[in-house]
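Trainee:
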Amino acid sequence: MRLLSRKATCNTHGQDSSYFLGWQEYEKNPYDEIKNPTGIIQMGLAENQLSFDLLESWLANNQDAAGFKQAGQSIFRELALFQDYHGLPAFKKALVEFMSEIRGNKVTFDQNKIVLTAGATSANETLMFCLAEPGEAFLLPTPYYPGFDRDLKWRTGVEIVPIHCTSSNGFQITAPALEQAYLEAQRRNLRVKGVLVTNPSNPLGTTMTRNELNLLVDFITEKSIHLISDEIYSGTVFNSPSFVSIMEILKDRKCENTEVWNRVHIVYSLSKDLGLPGFRVGAIYSNDDMVVSAATKMSSFGLVSSQTQYLLSALLSDKKFTKNYISENQKRLKQRQRSLVKGLEKAGISCLKSNAGLFCWVNMKHLLSSNTFEAEMELWKKIVYDVKLNISPGSSCHCTEPGWFRVCFANMSQETLELAMQRLKSFVDSMANQSTHQMMKNSRKKSLTKWVLRLSFHDREPEER
Ligand SMILES: Cc1ncc(COP(=O)(O)O)c(C=O)c1O
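Going by numbering that gives the first Met the number 0, 348 is the number at position 349 of the sequence shown; the sequence numbering is gapless.
This is the structure in structure tokens:
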């Protein structure tokens with residue numbers, strides 16, 4: 000008799016994906032400048048550690064908030080008691096204002112339409128529970144964030160059908176690709192309930208164009224389905240073109256209070272833009288009251304603790320701080336991304352032109368022994384075990400073309416990034432030397448064969464020739 004549930008024993012969580020395996024390898028042998036200088040450098044984790052000092056200095060200057068005091072008086076007891084799952088109004092207000100600020104105040108958000116969740120992970124799963132039945136499908140453009148297999152499918156039983164995007168147009172979404180994914184779902188007898196996109200994209204590090212966003216709105220209008228826009232990196236855009244939220248498109252198209260308006264939902268989190276994944280602060284924003292109400296009830300499974308809400312409502316309400324943080328953080332990200340791109344260029348490696356995110360989408364096709372995913376895994380293993388860099392292979396992001404890798408740049412010091420680039424360059428150089436050596440060996444073998452052939456030709460009796 001089965002003692003554990005199917006959910007507990009099935010492997011749809013995706014733990015065995017190379018994305019998570021790389022993390023495990025890193026954990027076994029983590030790089031440390033002093034204690035383990037030959038260890039693995041973690042470049043598979045989309046964390047932002049570049050602006051901690053700004054947060055720390057705010058904490059030092061705001062002892063009341065950090066010490067759970069209000070006007071000098073402790074509010075510890077208030078925070079320690081059981082909170083209602085609607086969340087602190089002051090925090091929801093500060094969060095929606097921060098979301099508007101990130102979008103250049105081109106759109107505003109209503110605090111009554113936001114649901115707090117324990118990170119974007121919980122927000123995405125909760126939306127799946129609200130919008131789809133087990134066995135129904137969401138369409139996702141590839142390549143996509145590997146965690147989605149766990150977040151969207153595992154516990155909900157929802158299926159993901161890929162919208163195949165390719166390097167030929169910089170992995171942009173096209174109308175035929177959307178249509179093809181829809182047909183594929185129908186072929187598999189899956190009812191399509193919506194499309195989920197990440198804008199800016201993880202793993203591409205690019206923002207969606209207005210054209211793509213308009214295509215999506217047309218598509219969900221025509222098919223009468225939902226659209227989830229995961230905008231977790233909306234404040235992590237450091238180059239032009241600037242970020243355009245799906246809300247801005249709906250506003251421009253005068254969709255307010257239409258059916259489509261109610262079918263578009265935004266996911267947000269402070270894990271990336273504020274670099275606080277450990278605080279577990281996420282949100283669902285929806286114009287559909289039923290979704291807000293159901294998601295609020297479900298949020299009791301993944302609330303944000305009251306002391307976190309208290310601390311962050313003070314931090315996000317400090318407009319001088321948020322303004323400076325957003326611009327300084329973007330400046331640092333821009334420098335860091337440029338540094339990675341330059342390091343890669345020195346090793347003869349290019350990447351997709353990006354303007355956002357905490358990673359680059361790197362093209363290493365020329366280093367593959369063949370144009371296959373087996374060769375991609377072979378290269379990935381060499382990079383993890385020999386070069387000692389944990390990067391994420393494109394196959395873990397469901398990319399359809401072998402040879403792409405996601406490389407993160409903001410979860411380490413500049414010195415560590417430079418060391419990583421030195422290691423990569425030495426590896427590429429040694430591969431080039433090996434292949435030159437092999438070519439020379441082959442050509443020597445060829446000329447030797449020719450010489451032997453010629454000799455044997457001369458050795459033969461004239462009549463044998
Ligand atoms: C696109 C995307 N969505 C969701 C998440 C999960 O974020 P959180 O830490 O807020 O749960 C991530 C994390 O990397 C992500 O990249």
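A virtual CB, placed ideally from N, CA and C, is assigned to each residue, including glycine. All values reported here derive from a predicted model rather than from experimental measurement.
Out of ILE227, VAL340, LYS91, which has the shortest C-alpha to C-alpha gap to LYS192?
Mentor: The count along the sequence shown starts at 1 and reaches residue 192 at position 193. Among ILE227, VAL340, LYS91, the Cα nearest to that of LYS192 is on ILE227.
Trainee: Ordered along the chain, which non-local residues of its own chain (more than five positions away) have a Cβ less than 7 angstroms from that of VAL291?
Mentor: The sequence position of residue 291 within the sequence shown is 292, counting from 1. The answer, listed in chain order, is LYS112, VAL114, SER285.
Trainee: Given a cut-off of 7 angstroms, decide if ARG76 and GLU135 are closer than it, judged by their beta-carbon atoms.
Mentor: For this step, residue 135 is matched to residue 136 along the sequence shown. For this step, residue 76 is matched to residue 77 along the sequence shown. Not in contact: GLU135 and ARG76 (Cβ atoms no closer than 7 angstroms).
Trainee: Check whether the region 160-171 and the region 139-149 touch, using three or more Cβ-Cβ pairs below 8 angstroms as the test.
Mentor: A contact exists between the region 160-171 and the region 139-149.
Trainee: Counting pairs of Cβ atoms below 8 angstroms between the region 426-433 and the region 298-306, do you hit three or more?
Mentor: Judged by Cβ distances under 8 angstroms, the region 426-433 makes no contact with the region 298-306, as fewer than three pairs qualify.
Trainee: Provide the residue span of the beta strand (DSSP E) that contains PRO276, from first to last.
Mentor: Along the sequence shown, one-based indexing puts residue 276 at 277. Counting along the chain, PRO276 falls outside any beta strand (DSSP E), and DSSP gives it neither H nor E.
Trainee: Given the structure, does ASP272 come close to ligand 1, in the sense that its CB is under 6 angstroms from one of the ligand's heavy atoms?
Mentor: Residue mapping note: residue 272 aligns to position 273 of the sequence shown, counting from 1. The answer is no for ASP272.
Trainee: Hey, quick one: how far does the alpha helix (DSSP H) through ILE325 stretch, first residue to last?
Mentor: As a working mapping, residue 325 is identified with position 326 in the sequence shown. Element bounds for ILE325: 318-345.
Trainee: Is GLN308 helix, strand or coil by DSSP?
Mentor: Against the sequence shown, residue 308 aligns to sequence position 309. Residue state, collapsed to three classes: helix.
Trainee: Less than 7 angstroms between the beta carbons of GLY505 and ASN389, yes or no?
Mentor: Any answer about residue 505 is impossible in this case: the structure gives the chain only from 0 up to 464.
Trainee: Using a Cβ-Cβ cutoff of less than 7 angstroms, which residues in the same chain neighbour PHE320 once the five nearest sequence positions on both sides are dropped?
Mentor: By one-based count along the sequence shown, residue 320 stands at place 321. Closer than 7 angstroms at Cβ, skipping near neighbours: TRP57, LEU314.
Trainee: Going by Cα to Cα distance, which pick from PHE237, THR415, TRP153, ALA282 is closest to CYS9?
Mentor: As a position in the sequence shown, residue 9 is number 10, starting the count at 1. Among PHE237, THR415, TRP153, ALA282, the Cα nearest to that of CYS9 is on TRP153.
Trainee: Just to confirm, is the Cβ distance from VAL243 to ALA119 under 7 angstroms?
Mentor: Mapped onto the sequence shown, residue 243 falls at position 244. Mapped onto the sequence shown, residue 119 falls at position 120. No; because the gap between Cβ atoms is not below 7 angstroms, this pair is not in contact.
Trainee: State buried or exposed for LEU423, treating a residue as buried only when at least 16 other CB atoms are found within 10 Å of its CB.
Mentor: Here residue 423 is taken as the residue at index 424 of the sequence shown, counted from 1. By the 10 Å Cβ count, LEU423 comes out buried.
Trainee: Please tell me whether, using a cut-off of 6 angstroms, the distance from the CB of GLY294 to the nearest non-hydrogen atom of ligand 1 is below it.
Mentor: Locating residue 294 in the sequence shown gives position 295, where the first residue counts as 1. Going by the sequence as given, residue 294 is Ala instead of Gly. Not under cutoff, so the answer is no.
Trainee: Among residues of its own chain, excluding the 5 on either side of GLY62, which ones have a beta-carbon nearer than 8 angstroms to its beta-carbon?
Mentor: Taking the first residue of the sequence shown as position 1, residue 62 is located at position 63. It is worth fixing the name first, because residue 62 is Gln in this sequence and not Gly. Excluding residues within five positions, the ones whose Cβ falls inside 8 angstroms are LYS68.
Trainee: Can you tell me whether DSSP reads LYS253 as helix, strand or coil?
Mentor: Looking up residue 253 in the sequence shown gives position 254. It is coil, neither helix nor strand.
Trainee: For SER395, does the three-state DSSP call read helix, strand or coil?
Mentor: The residue you call residue 395 lines up with position 396 of the sequence shown. Three-state result, SER395: helix.
Trainee: If you measure between the beta carbons of GLN82 and SER305, is that distance less than 7 angstroms?
Mentor: Taking the sequence shown and counting its residues from 1, the one referred to as residue 82 is at position 83. Taking the sequence shown and counting its residues from 1, the one referred to as residue 305 is at position 306. Yes; because the gap between Cβ atoms is below 7 angstroms, this pair is in contact.
Trainee: Give the secondary structure of HIS12 by DSSP, where H, G and I count as helix, E and B as strand, and everything else as coil.
Mentor: As a position in the sequence shown, residue 12 is number 13, starting the count at 1. In this structure, HIS12 counts as coil in the three-state DSSP scheme.
Trainee: Please give me, in chain order, every unbroken run of the beta strand (DSSP E) with length at least 3 that falls completely inside the region 84-144.
Mentor: 113-116, 136-140, all fully within the region 84-144.
Trainee: If you draw a straight line from the alpha carbon of ILE248 to that of TYR232, how long is it in whole angstroms?
Mentor: The sequence position of residue 248 within the sequence shown is 249, counting from 1. The sequence position of residue 232 within the sequence shown is 233, counting from 1. Their backbone Cα atoms lie some 18 angstroms apart in a straight line.
Trainee: Nearest-angstrom Cα distance between GLY234 and ILE101?
Mentor: As a first step, residue 234 must be located in the sequence shown, where it is residue number 235. As a first step, residue 101 must be located in the sequence shown, where it is residue number 102. So the two alpha carbons sit approximately 5 angstroms from each other.
Trainee: For VAL361, which option in SER368, GLY342, ARG187 has the closest C-alpha, if you only look at C-alpha atoms?
Mentor: The residue given as residue 361 occupies position 362 in the sequence shown. Comparing Cα positions, the closest option is GLY342.
Trainee: Which residue from SER338, THR125, THR37 puts its Cα closest to that of GLU417?
Mentor: Within the sequence shown, the letter at position 418 stands for residue 417. Considering only alpha carbons, the answer is SER338.
Trainee: Need the endpoints of the beta strand (DSSP E) that ALA59 sits in, please.
Mentor: Position 60 of the sequence shown, counted from the start, is the residue given in the question as residue 59. Counting along the chain, ALA59 falls outside any beta strand (DSSP E), though it belongs to the alpha helix (DSSP H) covering 51-60.
Trainee: Contact between the region 368-382 and the region 398-414 is defined here as three or more beta-carbon pairs at a separation below 8 angstroms; is this criterion met?
Mentor: Yes, since at least three Cβ pairs between the region 368-382 and the region 398-414 fall closer than 8 angstroms, the two stretches touch.
Trainee: Could you spell out the range, first to last residue, of the beta strand (DSSP E) harbouring TRP22?
Mentor: Locating residue 22 in the sequence shown gives position 23, where the first residue counts as 1. Counting along the chain, TRP22 falls outside any beta strand (DSSP E), though it belongs to the alpha helix (DSSP H) covering 17-27.
Trainee: Please find out if some non-hydrogen atom of ligand 1 comes closer than 6 angstroms to the beta-carbon of PRO276.
Mentor: For the purposes of this step, residue 276 is taken as the residue at position 277 of the sequence shown. PRO276 Cβ: within cutoff of ligand 1.
Trainee: I want to check one thing, is the minimum distance from the CB of THR120 to the heavy atoms of ligand 1 below 6 angstroms?
Mentor: As a working note, residue 120 is residue 121 in the sequence shown. THR120: yes, Cβ under 6 angstroms from ligand 1.
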